[in-house]
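For reference, the structure discussed in these notes is given below.
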Amino acid sequence: MSERSAIIFLETEYNRNSVAALAGSLEDILGELSGTVKISFLPVEYLGEDIRLTEAIGDAGTVMFAASLGILYDNPGAFLADPKSPALEGRRIYHVAGGPGAVNAPELLLYAGFDAVCASEGEEVIRDLARFIGLGRFRRFWDIPGLWVMERKNAYFTGRRPRVDLSNYRPCSRRWRKFGFIEIVRGCLNGCIFCQTPRFFRGGVRERSLRVVYGSVRDFVKGGRDHVRLLAPNALSYGSHLRGQPNLSALERLLSGIRANLPDTGMLIYGTFPSEIRPEWVTVDAVRLLKKYVSNRKVAIGAQTGSDTLLKKIRRGHTTNDTLRAVRICREEGLKVFVDMIFGLPHETPSEFEESKRFMYEIFRLGGVVNAHTFIPLPGTPLANVPAQKLRARFRRELSTLEAGGQIIGNWRDQAAFRKWRVKS
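Numbering-wise, the sequence shown is residues 204 to 628 according to the working numbering.
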């Protein structure tokens, strides 16, 4: 066993994008680390297997397990290694959590057994964590801004970090062949009260420069990947500084430049979940521009509810007519349209519920498909502790029938079960 350290990223099917971005950030400082830190990746289900764990650790005397947690389905305990494992004998062990599932409930994770929780954007924090265990740059977690740590059974925040400039970081790693979605926009100005994005990524919207986006696409191709997906809260917002008005020239520079860096057989996926399109941004010219460059012939539009009154309550910033117009345009342009709707939103009155049902059938009439969700209160949002509406049994049966007929898709049933489980627990 040596003085060398190891960072082991615990991978799941849900954190591929986060792990790729963090790996890309570390790849750029490998020269600074001078071989003091071994970077490994381990599917979380193998955390209890000594042989796989030993391979990931190597000869490191200090091991940091890095867990990027999702919002819904991750069990934090599954990301904590058994300290009695023979593979960990005689080693110093740290557990650090981050990701959307950690940001707004850090104290709970500290009490669960994590040594630190990243409550900031992770690209620079992961570099400081590597410097901490590899170079001794920091004496303790307390010295690293952006973390929650435990001291005498109380949780403390180590301080805010400057906002990340996306153009200083690659969203992928060629060295370790970690490729996720290419995030081109971070943050959102709309402030929907059910959503974590505007609360976590405070301070406005940031965009990754075209230079870095194109370079990332070339990294994909050199790494044997010719299938690129872009990530943005609103697929038509890149380069625009005016609400509801796409900057078509900026969008064309983005998409045409990506196409130029892909092989002829390459695929560019954009405008589908989770990079959905806000309905008030949809124009005929914008849709035709997407069709010109993207490979997908289906798009996702965020409606969330079919009641204009409820749209105002949740601060969506658009109307039901905006959504119907957007669906109509996309269908006339030959695209298949999936419309996101959330059922069981708090404060929904019976009349608003009926409006949403009528709206849903209007979507069907226009040839759209509804991507149905059951509302789940997310930590850190204004609706975090507000009771949700229960879906009536009759309506659940109606959704099931529509789902069998292909008019509805989505995880609404799993989300309803998760919400029921969380309330009981």
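Where is the CB? At the ideal position from N, CA and C, for every residue including glycine.
- Message: Can you confirm whether F567, when its beta carbon is compared against all beta carbons of chain B, has any partner nearer than 8 Å?
- Response: You won't find chain B in this structure, because it holds only one protein chain.
- Item | Rounded C-alpha distance that separates C164 from V306 | This structure cannot speak to residue 164, because the chain is shown only from 204 to 628.
- Query: Which residue comes first and which comes last in the alpha helix (DSSP H) that contains V589?
  - Reply: If you number the sequence shown from 1, residue 589 lands on position 386. It is not in any alpha helix (DSSP H) - V589 carries neither H nor E in the DSSP assignment.
- Task: Can you give me the start and stop residues for the alpha helix (DSSP H) that S452 sits inside?
- Result: Translated into positions along the sequence shown, residue 452 becomes position 249. That run of the alpha helix (DSSP H) goes 451-463.
- Message: I'd like the list of long-range same chain contacts for G362, defined as Cβ closer than 8 Å, with 5 residues on each side in sequence excluded.
- Response: Along the sequence shown, read from residue 1 onward, the residue named residue 362 stands at position 159. So the qualifying residues of the chain are P348, G349.
- Message: Cutting at 7 Å between CB atoms, please list the residues of its own chain near R377, excluding the five before and the five after it.
- Response: By one-based count along the sequence shown, residue 377 stands at place 174. D422, K425, G426, listed in sequence order.
- Item | Residue range of the beta strand (DSSP E) that includes A503 | Here residue 503 is taken as the residue at index 300 of the sequence shown, counted from 1. The continuous beta strand (DSSP E) containing A503 extends over residues 501-507.
- Item | Straight-line gap, H521 to M267 (C-alpha atoms, nearest Å) | Indexing the sequence shown from 1 puts residue 521 at position 318. Indexing the sequence shown from 1 puts residue 267 at position 64. Straight-line Cα distance between these residues: approximately 45 Å.
- Query: According to DSSP, is T468 helix, strand or coil?
  - Reply: As a working mapping, residue 468 is identified with position 265 in the sequence shown. If DSSP states are grouped into helix, strand and coil, T468 belongs with coil.
- Message: Please give me, in chain order, every unbroken run of the beta strand (DSSP E) with length at least 3 that falls completely inside the stretch 343-417.
- Response: 350-354, 357-360
- Item | 8 Å CB neighbourhood of M204 in its chain, flanking five on each side removed | Along the sequence shown, read from residue 1 onward, the residue named residue 204 stands at position 1. For M204, the predicted model reports a pLDDT of 46, less than 50, meaning its position is unreliable; a value from the coordinates is still stated below. Cβ neighbours of M204 beyond the five flanking positions: D262, A263, G264, G293, R294.
- Output the boundary residues of the beta strand (DSSP E) element that contains K241. Walking along the sequence shown from the start, residue 241 turns up at place 38. 240-246 is the span of the beta strand (DSSP E), which, as asked, contains K241.
- Message: Does V487 pass the burial test, meaning 16 or more other C-beta atoms within 10 Å, or should it be called exposed?
- Response: Along the sequence shown, read from residue 1 onward, the residue named residue 487 stands at position 284. Per the 10 Å Cβ criterion, exposed.
- Task: Quick one: residues in its chain with C-beta nearer than 8 Å to the C-beta of N154, no 5 flanking neighbours on either side, listed in chain order?
- Result: Residue 154 lies beyond the residue range present for the chain, which begins at 204 and ends at 628; the question has no answer from this structure.
- Item | Where K593 sits in the DSSP three-state scheme | To locate residue 593, count along the sequence shown from 1; it is residue 390. Coil at K593, not helix or strand.
- Task: Assign V222 to one of three DSSP states: helix, strand, or coil.
- Result: Here residue 222 refers to the residue found at position 19 of the sequence shown. Helix, per DSSP.
- Give the range of the beta strand (DSSP E) segment to which F268 is assigned. Taking the sequence shown and counting its residues from 1, the one referred to as residue 268 is at position 65. Here the beta strand (DSSP E) through F268 covers 265-271.
- When burial is assigned at 16 or more other CB atoms within 10 Å of the CB, is H444 buried or exposed? Locating residue 444 in the sequence shown gives position 241, where the first residue counts as 1. That one is exposed.
- If you compare alpha carbons, which of V367, E327, V320, L338 is closest to W345? The residue given as residue 345 occupies position 142 in the sequence shown. W345 has its Cα closest to that of V320, out of V367, E327, V320, L338.
- Residue closest to F244, alpha-carbon to alpha-carbon, out of A269, G238, D253, G394: By one-based count along the sequence shown, residue 244 stands at place 41. Comparing Cα positions, the closest option is A269.
- Query: Do G302 and S271 have their CB atoms nearer than 8 Å?
  - Reply: Here residue 302 is taken as the residue at index 99 of the sequence shown, counted from 1. Here residue 271 is taken as the residue at index 68 of the sequence shown, counted from 1. Yes.
- Task: Please name the residue in W484, R334, R411 whose C-alpha comes closest to that of L433.
- Result: Within the sequence shown, numbered from 1, the residue matching residue 433 stands at position 230. Nearest of W484, R334, R411 to L433, Cα basis: R411.
- Item | the stretch 564-577 contacting the stretch 542-550, beta-carbon criterion three pairs below 8 Å | yes
- Message: Is it the case that the stretch 465-472 contacts the stretch 500-510, given that we only count it when at least three CB pairs across the two stretches are under 8 Å?
- Response: no
- Task: Taking G474 as the reference, give the member of G418, V542, V420 with the closest Cα.
- Result: As a position in the sequence shown, residue 474 is number 271, starting the count at 1. Considering only alpha carbons, the answer is V542.
- Message: Quick check: the Cα distance between I566 and T215, rounded to an integer number of angstroms?
- Response: Within the sequence shown, numbered from 1, the residue matching residue 566 stands at position 363. Within the sequence shown, numbered from 1, the residue matching residue 215 stands at position 12. Going by the C-alpha atoms only, they are around 35 Å apart.
- Compute the distance between the beta-carbons of L471 and V431, then report whether it is under 8 Å. For this step, residue 471 is matched to residue 268 along the sequence shown. For this step, residue 431 is matched to residue 228 along the sequence shown. Taking 8 Å as the Cβ cut-off, L471 and V431 qualify as a contacting pair.
- Quick one: residues in its chain with C-beta nearer than 7 Å to the C-beta of G447, no 5 flanking neighbours on either side, listed in chain order? In the sequence shown, the residue the question calls residue 447 occupies position 244. These residues qualify, in order along the chain: E483, W484.
- Task: Specify the secondary structure class of G227 as computed by DSSP and reduced to three states.
- Result: Position 24 of the sequence shown holds residue 227. Correct three-state label for G227: helix.
- Three-state secondary structure (DSSP) at A319? By 1-based counting over the sequence shown, the position of residue 319 is 116. Three-state result, A319: strand.
- Task: Specify, as a first and last residue, the run of the alpha helix (DSSP H) that A535 falls within.
- Result: Residue numbering aside, residue 535 sits at position 332 when the sequence shown is read from its first letter. The question names Ala, but residue 535 is Glu in the sequence shown. 523-535 is the extent of the alpha helix (DSSP H) around E535.
- In terms of alpha-carbon separation, which member of D511, Y372, T508 lies closest to I232? Numbered from 1 along the sequence shown, position 29 holds the residue referred to as residue 232. It is Y372.
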